[in-house]
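If you number the sequence shown the way this note's numbering does, the last residue is 376 and the count never jumps. Every residue gets a Cβ at the ideal spot worked out from N, C-alpha and C, and that includes glycine. Remember, it's a predicted structure, so these values are computed and weren't measured experimentally.
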Amino acid sequence: MSTQFVSNEQIIQVARRNLAQGAWDYLVGGSESETTMRRNRLSFDRIAFRPRVLVDVSSIDPSTTFLGHRLRTPVMLAPLGSLQTFAPEGAAAVTKAAAEFGTMHVLSSVTQPSLEETAASAGNPKVFQLYIHGDWAWIEDIVGRAKQAGYMSLCLTVDTAHYSRRERPMLSGWAPPTRRGTIDRSHQASLTWETAFRIKEMAGLPFMLKGIGTAEDAALAVEGGVDVIWVSNHGGRQLDHGLGTMDMLREVVDAVGGRADIVVDGGIQRGADVAKAVALGARAVAIGRLQGFGLAAAGAKGVVRVLEILEDELVIAMGLMGVTCIDQLTPAYVCEAEAVTPPHEMSAWINMPGGRIM
């Protein structure tokens, strides 16, 4: 056990005490009415388990493989911008945590330290996430740097053609470092399928598209040879009034038809959520806010502890459902159900001291 924390509720409480209001609002908030963010949680809450019994579950293996690499659990660390806001080591601490636990860090291109310094901080497989903030020469340069630094895959985020109105930090008068600079966002706004596939061919690495939310776009992606379809609505931080990620996952899985791996993020708060996502067709999930909580609470050790707690919850869920390995999780183990709590960014943690924290 990496720290004294026994639950992720405790980690969140410490993270809240350690963060200024603006940084906290940036981490936990969504866009506008936060409807999409709440639907992310609701889409998990409306799925129930169908457990099987009298199965020997004395030995359970929650590991999986992703792009040829073993993951201790099907939980990766999502690209989260401005990690240096939550702990001085920033992205380097997250990469070290991923290496210690046995998973992958997908490094955001808008966090610190540099992609080279982060890559050098630990030897585990890493993915580089790309926002388009320059012309083709700029793209070639940054992709070349990522390849030279040893990143094994490239992830292009495609749901940020415009930056959303994230009103919680706006009301706090706080902005992440990338919003305070002079980034030209017209390049991201003009990104097309043609450019995305051109980047894929130029990179020559396993290629992920992050921000896919419909069967139509998933079909276009796999027809273009994309290796990983990443179902995401940016944690409810971009387009408001969208579907929850688990609602999007179903149609994407059908459209992909096994021709690519699928990752999903948004609303994942418990190990049971991981089991639900895998049962419905995801190869792995990725966590953003939980990662930020762990980092703000106790640096790299806090992130490791978040992953350990999720693993414990996942193994318990698997054992009580009557499955002994990740590949046994199928749609037969889940069903539709009514949610029992109102959805919000903390709704899976009903033991939170003092209720919801702002």
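Does residue i pass the burial test, meaning 16 or more other C-beta atoms within 10 Å, or should it be called exposed?
i             : result
glutamate 331 : buried
asparagine 58 : buried
glutamate 52  : buried
glutamine 256 : buried
glutamine 166 : exposed
glutamate 356 : exposed
glutamate 134 : exposed
serine 76     : exposed
glutamate 363 : buried
leucine 72    : exposed
tryptophan 18 : Outside the displayed span of the chain (19 to 376) sits residue 18, for which this structure offers no information.
glutamine 22  : exposed
valine 128    : buried
leucine 189   : exposed
aspartate 279 : buried
serine 100    : buried
glycine 317   : buried
threonine 348 : exposed
serine 171    : buried
alanine 105   : buried
proline 80    : buried
glycine 222   : exposed
When the Cα atoms are used, what is the spatial distance from residue i to residue j?
i             : j                 : result
glutamate 354 : aspartate 153     : 46 Å
glutamate 329 : asparagine 26     : 12 Å
alanine 115   : tyrosine 44       : 22 Å
aspartate 202 : serine 208        : 11 Å
valine 342    : phenylalanine 146 : The residue asked about is misnamed: residue 342 is threonine in this sequence, not valine. So the two alpha carbons sit approximately 32 Å from each other.
threonine 262 : asparagine 251    : The question names threonine, but residue 262 is glycine in the sequence shown. So the alpha carbons of these two residues sit roughly 8 Å apart.
valine 358    : alanine 137       : 43 Å
methionine 55 : glycine 253       : 6 Å
valine 244    : methionine 226    : 6 Å
aspartate 345 : alanine 155       : 42 Å
valine 46     : arginine 68       : 31 Å
threonine 121 : proline 97        : 14 Å
alanine 33    : asparagine 369    : 16 Å
leucine 174   : glutamine 31      : 33 Å
arginine 268  : histidine 259     : 18 Å
valine 24     : valine 93         : 19 Å
Pick helix, strand or coil for residue i, following the three-state DSSP scheme.
i                : result
glutamine 309    : helix
methionine 94    : strand
alanine 290      : helix
valine 303       : strand
valine 324       : helix
methionine 226   : strand
threonine 113    : helix
valine 341       : coil
arginine 183     : coil
isoleucine 78    : coil
phenylalanine 84 : strand
histidine 123    : strand
leucine 189      : helix
glutamine 147    : strand
valine 71        : coil
leucine 347      : coil
isoleucine 247   : strand
leucine 60       : helix
Looking at the unbroken beta strand (DSSP E) that takes in residue i, where does it start and where does it end?
i                : result
glutamate 354    : 352-354
phenylalanine 67 : 65-67
leucine 172      : 171-175
aspartate 279    : 279-283
isoleucine 201   : That residue, isoleucine 201, is in no beta strand (DSSP E); it is neither H nor E in DSSP.
In chain order, what residues of the same chain lie with their CB nearer than 6 Å to the CB of residue i, ignoring the 5 residues before and after it?
i             : result
glutamine 130 : Gln102, Gly108
asparagine 36 : Ala314
histidine 87  : Pro143
glutamine 287 : Ala366
alanine 140   : Thr113, Lys114, Ala117
isoleucine 65 : Lys294, Val352
arginine 186  : Asp43, Gly47
arginine 70   : Gly340
alanine 110   : Pro131, Thr136, Ser139
Ordered along the chain, which non-local residues of its own chain (more than five positions away) have a Cβ less than 7 Å from that of residue i?
i             : result
histidine 123 : Leu95, Val112, Thr113, Ala116, Lys144
glycine 61    : Looking at the sequence shown, residue 61 is not glycine but serine. Gly262, Thr263, Met264, Asp265, Gly285.
alanine 4     : The chain is shown from 19 up to 376; residue 4 falls before or after that span and cannot be answered.
isoleucine 78 : Val333, Met336, Gly337, Thr342
What span of residues does the alpha helix (DSSP H) with residue i cover, start to end?
i                 : result
phenylalanine 215 : 211-221
tryptophan 154    : 154-167
glutamine 39      : 39-46
isoleucine 30     : 26-36
valine 378        : This structure cannot settle anything about residue 378, because the visible part of the chain is limited to 19 through 376.
valine 240        : 233-241
glutamate 134     : 133-138
Can you name, in chain order, every residue of its own chain whose Cβ lies under 8 Å from the Cβ of residue i, other than the five neighbours on each side?
i              : result
threonine 178  : Tyr149, Gln206, Gly229, His252, Gln256
isoleucine 334 : Gly289
tryptophan 211 : Leu238, Gly242
Counting only beta-carbon atoms, is residue i nearer than 8 Å to chain C?
i           : result
glycine 254 : In the displayed structure, chain C is absent; only one protein chain is listed.
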